[in-house]
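Asker:
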Amino acid sequence: MICPSGHPYNSLLNRFCLSCTKEHLIQEFKTWSSGDANIDKIVQKSQINCRYNKLYWIPYDNFQNIKHIADGGRGSVYSAELENGIKWDWNFIKQEWEYHSIGKKVALKEITDCRYDIAEFLKVIKTTHDYYYDYFATYYGISKNPSTQNYIIVMKSVNGDLPNYLTKTFWDLGWETKIGILGSIAYGLESLHDKNLVHCNLHSGNILIDPDLDLRIDLDSCKLENDLILNADNKISKIYGSIPYIPPEVLRGNKFTIEGDIYSFSGIMYEIVTAQRPFADQAHDTYLMIDICNGVRPKVPDFMLSWIPEWYLDLMYRCWSDDPSERPTGAELSNLFGEASYKLYRKIVDDDVMHQLQISDENQNNTSKSQKQELFELFSHSNKLHPQSCYISRNIHTLHGLHDLLEEIKSGKSPDPNLLLKSNESTTSSVNIDKEVEIRSKKKNDISTMDWE
Ligand SMILES: [Zn+2]
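What the sequence shown shows, in the working numbering, is residues 335 to 787, in sequence order.
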């Protein structure tokens with residue numbers, strides 16, 4: 335078939351022609367700008383090259399019913415509805431744009447942290463859009479809040495995250511679902527790692543999941559491995575994330591690698607079998623970081639052990655290895671969970687792994703729901719999180735970054751900049767703490783320079 339402009343096009347797409355759509359998008363390049371040439375370039379490139387998901391500049395007045403949802407370490411999240419939807423394709427019969435998602439909900443991430451490189455992030459999104467992946471959050475593009483001048487990342491809205499899902503379903507969750515969820519996340523990680531992308535902030539809050547089990551990974555801090563730039567001394571002094579999921583090598587100040595993502599994945603493995611977040615009963619401070627670097631890992635409650643296959647626990651602790659080279663790869667995890675998931679669905683029990691899964695399911699089914707809950711409440715301070723635990727991503731000083739202060743923090747002479755005074759600490763106070771530490775270390779440096787002179 336030939337469109338009115340003379341392009342050959344796929345008749346399956348009906349009245350749409352990819353070339354016409356692209357030509358019209360290019361014609362409109364001069365009609366919009368994000369105010370940042372780098373961002374514009376990436377959005378334009380995405381519109382020229384990406385077949386499946388294109389990025390768009392979305393004017394702020396397209397959002398209606400904007401509601402504040404939460405604050406994070408980098409900014410705030412809002413929900414909104416799209417008044418005009420998102421451009422879809424050029425309809426060459428009507429000679430106008432067709433839109434999708436008109437009136438639909440979106441999530442808006444307004445970025446207030448100036449250290450966050452939005453252009454870099456859009457580049458990563460564009461890389462994932464070059465392929466058709468089903469396991470990542472859908473990003474529509476970028477907008478700007480006219481009153482704050484902050485950039486906004488516009489995402490498809492998903493109803494809930496993994497911790498939310500587990501709270502509602504945990505006691506009815508069988509191994510087929512658990513393995514299915516982990517298989518999807520492992521497959522997502524394998525796909526990222528295949529393209530040399532490192533997630534850098536994998537935790538359950540970044541696993542978006544709705545009641546129908548549609549699972550999406552929020553790419554959040556994802557970076558190209560080669561773009562993880564280090565200082566001259568090859569060390570990092572600050573890292574963004576939640577301490578229980580950050581691998582020990584990164585807590586020490588080394589670069590985040592593909593193997594680091596596998597360590598973070600283990601925290602999710604732990605949550606799926608215990609309904610608890612890792613290190614929920616502890617303060618997420620420098621002491622915990624030192625403990626993690628010394629090999630301390632979250633413990634599975636004894637009464638739960640009969641509900642969890644041994645191979646699963648072995649695998650979980652392998653992902654948590656202190657030595658990154660001992661951790662399994664994303665491909666290994668994806669194969670393992672993929673195969674187990676296939677067999678669970680078809681009720682095939684033909685090896686030790688499947689046999690252990692079957693027994694665990696039976697043991698769990700033989701305990702009544704009320705018994706389980708009773709055990710759980712007896713065991714733990716259950717849903718009570720330690721007031722100084724923090725599962726919201728924030729800026730954390732690595733042990734390398736604290737090296738001058740470390741002895742003083744340990745002896746209690748200096749306050750711990752990684753200790754939260756309130757569980758819902760805002761970005762501003764963490765910035766203040768940052769400044770305070772910088773001043774302190776500057777003073778210290780001054781003193782030590784004087785000593786040497
Ligand atoms: Zn055409």
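Even glycine gets a Cβ: it sits at the ideal position worked out from N, Cα and C.
Under the three-state reduction of DSSP, which class applies to Y465: helix, strand or coil?
Answerer: Reduced to three states, the DSSP call for Y465 is coil.
Asker: Among W641, P632, L740, M638, whose alpha-carbon lies nearest the alpha-carbon of M650?
Answerer: When only C-alpha atoms are compared, the closest one is P632.
Asker: Please state whether DSSP places R774 in a helix, a strand or coil.
Answerer: Note that R774 scores a pLDDT of 34, beneath 50, so its modelled location is shaky; the value from the coordinates is reported in the next line. In this structure, R774 counts as helix in the three-state DSSP scheme.
Asker: Cβ atoms of H720 and Q616: under 7 Å apart, would you say?
Answerer: In this structure, H720 lies closer than 7 Å to Q616 by Cβ.
Asker: Count the other C-beta atoms from every protein chain shown that fall within 10 angstroms of the C-beta of M335, then say buried if there are 16 or more, exposed otherwise.
Answerer: Looking at its Cβ environment, which holds fewer than 16 other Cβ atoms inside 10 Å, M335 is exposed.
Asker: Closest to I580 by CA distance: which of S748, N700, V532 is it?
Answerer: Out of S748, N700, V532, V532 has the C-alpha closest to the C-alpha of I580.
Asker: Let me check one thing: in DSSP terms, what residues is Q398 bridge-paired to?
Answerer: DSSP lists E415 as partners of Q398.
Asker: Label W654 either buried or exposed according to how many other C-beta atoms from any shown protein chain fall within 10 Å of its C-beta, with 16 as the threshold for buried.
Answerer: Per the 10 Å Cβ criterion, buried.
Asker: CA-CA distance, D405 and V411?
Answerer: Answer to the nearest angstrom: the Cα atoms are 6 Å apart.
Asker: Any heavy atom of ligand 1 within a distance shorter than 6 Å of the CB on I341?
Answerer: It should be pointed out that residue 341 corresponds to His in this sequence rather than to Ile. Yes, Cβ of H341 sits closer than 6 Å to a heavy atom of ligand 1.
Asker: What do you reckon, is the C-beta of C337 under 6 Å from a heavy atom of ligand 2?
Answerer: No copy of ligand 2 occurs in the structure displayed; its ligands are ligand 1 alone.
Asker: In whole angstroms, what separates the C-alpha of Y485 from that of L753?
Answerer: Computed Cα separation, rounded: 29 Å.
Asker: Mark L547 as exposed unless 16 or more other C-beta atoms lie within 10 angstroms of its C-beta, in which case mark it buried.
Answerer: Under this definition L547 is an exposed residue.
Asker: Less than 8 Å between C-beta atoms, sequence neighbours within five positions excluded: which residues of the same chain meet that for M603?
Answerer: If we look at M603 and ignore the five residues flanking it on each side, its Cβ neighbours are L516, Y646, L649, M650, C653.
Asker: Do C724 and ligand 1 come close, with the Cβ less than 6 Å from some heavy atom?
Answerer: Incorrect: C724 has no Cβ contact closer than 6 Å to ligand 1.
Asker: I'd like to confirm the pairing. Which residues does DSSP put opposite F599 in its beta bridges?
Answerer: Partner(s): none; F599 has no beta bridge.
Asker: Straight-line CA distance for Y597 to K747?
Answerer: Rounded to whole angstroms, Y597 to K747 spans 32 Å at the Cα level.
Asker: Quickly, what does DSSP pair H731 with across the bridge? List them, please.
Answerer: DSSP lists K572 as partners of H731.
Asker: So the alpha helix (DSSP H) G664 belongs to, where does it begin and stop?
Answerer: Counting along the chain, the alpha helix (DSSP H) containing G664 begins and ends at 664 to 679.
Asker: Taking all protein chains shown into account, decide if A674 is buried (16 or more other Cβ within 10 angstroms of its Cβ) or exposed.
Answerer: Answer is buried; the Cβ neighbour count reaches 16.
Asker: Helix, strand or coil for V765, going by three-state DSSP, please let me know.
Answerer: Since pLDDT at V765 reaches only 33, below the 50 mark, its modelled position is unreliable, and no value is offered.
Asker: Just to confirm the assignment, what range does the beta strand (DSSP E) spanning H434 have?
Answerer: Looking at the DSSP string, the run of the beta strand (DSSP E) that includes H434 is 430 to 434.
Asker: Please confirm whether any heavy atom of ligand 1 lies closer than 6 Å to the CB of C351.
Answerer: Yes, since a heavy atom of ligand 1 falls inside the 6 Å radius drawn around the Cβ of C351.
Asker: Going by Cα to Cα distance, which pick from S538, I513, N530 is closest to L678?
Answerer: Among S538, I513, N530, the Cα nearest to that of L678 belongs to I513.
Asker: Is the separation between the beta-carbon of D374 and that of S380 shorter than 7 Å?
Answerer: Against a cut-off of 7 Å, the Cβ pair of S380 and D374 comes out as no contact.
Asker: Alpha carbon to alpha carbon, what distance is there between L542 and A331?
Answerer: Lying outside 335 to 787, the shown extent of the chain, residue 331 is not represented and no answer is given.
Asker: Who are the Cβ neighbours of P612 in its own chain at under 6 Å, not counting the five residues just before and after it?
Answerer: Hits under 6 Å: P578, G601, Y604, P632.
Asker: Taking N383 as part of the alpha helix (DSSP H), name the residues at either end of that continuous run.
Answerer: Start and end: 371 to 383.
Asker: Report the option in T608, F363, A665 whose CA atom is closest to the CA atom of E524.
Answerer: The residue with the shortest Cα to Cα distance from E524 is A665.
Asker: Locate the beta strand (DSSP E) running through V488, then write down its first and last residues.
Answerer: Segment 485 to 490, the beta strand (DSSP E) holding V488.
Asker: Where does C520 sit, in a helix, a strand or coil, going by DSSP?
Answerer: The amino acid occupying residue 520 in the given sequence is Ala; Cys does not appear at that position. A520 falls in the helix class under three-state DSSP.
Asker: Taking the alpha-carbon positions, what's the E742 to P751 distance?
Answerer: So the two alpha carbons sit approximately 12 Å from each other.
Asker: Tell me whether D423 sits in a helix, a strand or coil according to DSSP, three-state version.
Answerer: Three-state DSSP puts D423 in a strand.
Asker: DSSP three-state call for K439: helix, strand or coil?
Answerer: K439 falls in the strand class under three-state DSSP.
Asker: Per DSSP, what kind of secondary structure is G407 in: helix, strand or coil?
Answerer: Three-state DSSP puts G407 in coil, outside helix and strand.
Asker: What does the Cβ neighbour count give for G407, buried or exposed, with the cut at 16 atoms within 10 Å?
Answerer: It is buried - the Cβ of G407 has at least 16 other Cβ atoms within 10 Å.
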